[in-house]
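Residue 64 in numbering that gives the first Met the number 0 sits at position 65 of the sequence shown; the count goes up by one each step and never skips. The beta carbon of each residue, even a glycine, is placed where N, CA and C say it ideally should be. Working notes for the structure below.
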Amino acid sequence: MIAIFRKLRQDSLTKASRYVLYAVGEIILVVIGILIALQINNNNDRIKEKEKERLYLTNLRKDLVLNIREIDKYITDRTVCIESAKTILEHFEGKPITDVAAFNNLCMPIYNWQRFYQVDNTFQELISSGNLTLISSDTIKTLLFNMESQYKVNKAEEDHFRFDAEVLIYQPLYELMDLKLMVESIGVQVGRKPLIMRPLPPSLFNAYLRNIKLKNGFTSAVFEFTVLNDHLIRMKQISGQLIQAIDLELKKSQS
């Protein structure tokens, strides 16, 4: 009888051990399955992040190409302003005005100078969205911040010249000159009557050429536009470096 109970007990223990082993095996399989699923999910997330990075890099490159075009345009325009201001200053030094319309045309680009605004939509999106961390290249991120820093320096210089222009050029210009006559002399109609092109007498600029503020204003224009062009040249150099770094990163992501 005792032998029978011993056998039953041994059978029960054997079955229990089998159940435990089976349960442990099931748990291990579930854990392995979860780990595999997490690994696949992580890989998918990395692939998605890489795709986002490539898209951002591509858009950054497009912005930089447009930015270089804008920079080239502004450098050209401001170089024209520098040469025009130098010619205008010759008249302040005593050279007579023989062609008022030509003199007027020299002045207009300086009166109408424009601030430079860089094309940086993608960079601003990266900053505002917090997605700058998607850019894996430290070189690219450093150059982007260098570009932003140089742009701020350029804006500060533009603010400085804007103040100089308001005080030294615009104020005396508004006080001394008939703007309607000046604008119409270059073919722009501002009144209701049909435009009649009339040559302006050089004497119209007598007080203008004796005004020391205006002379200082055009002197400031030569200096400030030269400085501003230097800033733009530096920004163009950084843009070129960025394009090279982006091309290298895009090439690496394709291999």
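Note that the C-beta distance between Ala84 and Val182 is not below 7 Å. With respect to the 7 Å criterion, Ser219 and Asn103 are not classified as neighbours on the basis of their beta carbons.
Of the candidates Val226, Leu213, Ile70 and Ile126, Leu213 places its Cα closest to the Cα of Glu89.
Pro171 carries a helical assignment under DSSP once its states are collapsed to helix, strand and coil. With a minimum length of 4 residues, the unbroken runs of alpha helix (DSSP H) contained wholly in the region 125 to 164 fall at 137 to 164.
Here Asp246 is exposed. Its C-beta has fewer than 16 other C-beta atoms within 10 Å. Between Tyr150 and Phe122, the alpha-carbon positions lie close to 13 Å from each other. The residue from Glu223, Gln117, Gly239 and Arg60 with its alpha-carbon nearest to that of Asp158 is Glu223. DSSP places Lys192 outside both helix and strand once states are collapsed to three, so it counts as coil. Within 10 angstroms of the beta-carbon of Ser238 lie 16 or more other beta-carbons, which makes it buried.
In this model, Leu54 and Ile126 are separated by some 15 Å (Cα to Cα). Taking the Cα of Ala164 as reference, the smallest distance to any Cα among Asn153, Lys49 and Asn111 is reached at Asn111. The C-alpha of Ile109 is placed about 19 Å away from the C-alpha of Leu203. Between Ile67 and Lys235, the C-beta spacing is below 7 Å.
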